[in-house]
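S.K.: Numbering (this note's numbering), first residue to last: 2 to 413.
Every residue, glycine too, gets a C-beta built ideally from N, C-alpha and C.
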């Protein structure tokens, strides 16, 4: 991919995003109206909107780390020789983590350099698929190798391993380099600096689906109606937190890791709850996923705490109390502003080999580029964030009907 081609792709993605700007604004207005209707006694909504960007480490507030750079777009970083035109020390890009890809033994990712359009395999430790917050639905890769983004988590080792940073989290990438490489037309973002963990915004913008595209994008639906038709417990090889127990069928009991670095979660449960799930937005469009799994989703929505270490498949399988709690909690949230669903989507059955640009067999390549659009939900939480505040009316109502994880031992 040449510089001009990559910049054109990014500008095209931004134009597609702009075309849905009016619809997005209407969705925001509608959401605001719903929130105002739900305000109690005419008082301002107790759901506080966090407009300013706040680091997780509050000691960084008002320091040079947070105040000395300005936001820059991926399109601007893709302009030819941009690194000679602007001060590269004065920029940052905010991203949200959508996926963590780990290699199998001796696996590489194929990177295409913009200067000569040559593809080169590169050994990697992790690849983070992210969405750019400024450009909303545009995707970007952060590849971690021995000399690329290798300091990415240096500032946040504790946050990385204790679950503060996981799939769905927000990072500030400081002083990014000019974009010179890509995989599968998704730009590779690199930096010599450590990222800053950011607190999540209290409101996420609605981002519509582009049904005409053959490329990969991110989407966000607010006020969605959620439905779970099946929940299956799965014992995994991970008891840590960075991976959020997402997509366990992709990495469990095979020659690859889940994405976690440390073992801070040791002593916790290695159980995942895998759901067959669907989400329907305000315009009656529906997306589905056969194997959605997320520890954060479990704790936010229907569990009153993390699963204990003694949880087993037999203690969770056919557990009527658990299934009743899941249904009751989802019904309560559906009836009070619904769910916010963050996802990314693509054409065909996009697997890890195609994501990292490996050469596929002809039949596999046809499958990747098939006409079917696939959706990968990565974060689901109540649109009304009062549910996440245990001291609020809605938070107390939800807490009262959540499944009591301490009762699990009685069902073994």
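(1) Would you call residue 192 buried or exposed, if buried means 16 or more other Cβ atoms sit within 10 Å of its Cβ?
(2) Counting along the chain, where does the alpha helix (DSSP H) carrying residue 296 start and finish?
(3) Identify the residues that DSSP records as bridge partners of residue 376: which are they?
(4) How would you write the range of the beta strand (DSSP E) that residue 99 sits in, first residue to last?
(5) For residue 386, does the three-state DSSP call read helix, strand or coil?
(6) Suppose the cutoff is 6 Å on Cβ atoms and the five residues either side in sequence are ignored; what does the same chain contact list for residue 154 look like?
(7) Among the residues of its own chain, which have a CB less than 6 Å from the CB of residue 231, if the five just before and after it don't count?
(8) Here's a check: name, in chain order, each residue in its chain whose Cβ is nearer than 7 Å to the Cβ of residue 327, leaving out the five neighbours to either side.
(9) Taking the continuous alpha helix (DSSP H) assigned at residue 397, which residues delimit it?
(10) Would you call residue 127 buried or exposed, if buried means 16 or more other Cβ atoms sit within 10 Å of its Cβ?
(11) Tell me which residues share the same chain as residue 222 and place their Cβ nearer than 6 Å to its Cβ, disregarding the 5 neighbours each side in the sequence.
(12) When we look at the beta-carbon of residue 1 and count the other beta-carbons within 10 Å, is it buried (16 or more) or exposed?
(13) What does the alpha-carbon distance come out to for the pair residue 237 and residue 292?
(14) With a CB to CB cut of under 7 Å and the five nearest residues on each side skipped, what residues in its chain are close to residue 330?
(15) Mind checking whether residue 335 and residue 205 have CB atoms under 9 Å apart?
(16) Candidates 157, 125 and 347: which alpha carbon is nearest residue 288's?
(17) Looking only at its own chain, which residues have a Cβ that is under 6 Å from the Cβ of residue 407, when we skip the five neighbours before and after it?
(18) Is residue 219 close to chain D, meaning its C-beta is less than 9 Å from at least one C-beta of that chain?
M.R.: With the given structure in hand:
(1) With a threshold of 16 other beta carbon atoms within 10 Å, residue 192 meets it and is buried.
(2) For residue 296, the enclosing alpha helix (DSSP H) covers residues 296-302.
(3) According to DSSP, residue pairing for residue 376 in a beta bridge involves 346.
(4) Run containing residue 99: 92-102, per the beta strand (DSSP E) assignment.
(5) DSSP places residue 386 in helix when its eight states are reduced to three.
(6) 161.
(7) 277.
(8) Beyond the five residues adjoining it in sequence on each side, residue 327 comes within less than 7 Å, by CB distance, of 229, 232 and 303 in the same chain, given in chain order.
(9) 394-402 is the span of the alpha helix (DSSP H), which, as asked, contains residue 397.
(10) Residue 127 comes out buried.
(11) If we look at residue 222 and ignore the five residues flanking it on each side, its Cβ neighbours are 282 and 342.
(12) The shown model of the chain, from 2 to 413, leaves out residue 1, and the question about it has no answer.
(13) Computed Cα separation, rounded: 14 Å.
(14) Contacts found: 302, 303, 399, 402 and 403.
(15) Cβ atoms of residue 335 and residue 205: not closer than 9 Å.
(16) The residue from 157, 125 and 347 with its alpha-carbon nearest to that of residue 288 is 347.
(17) The beta carbon of residue 407 lies closer than 6 Å to none in the same chain, with the five residues before and after it left out.
(18) Of the protein chains in the structure, only one exists, and it is not chain D.
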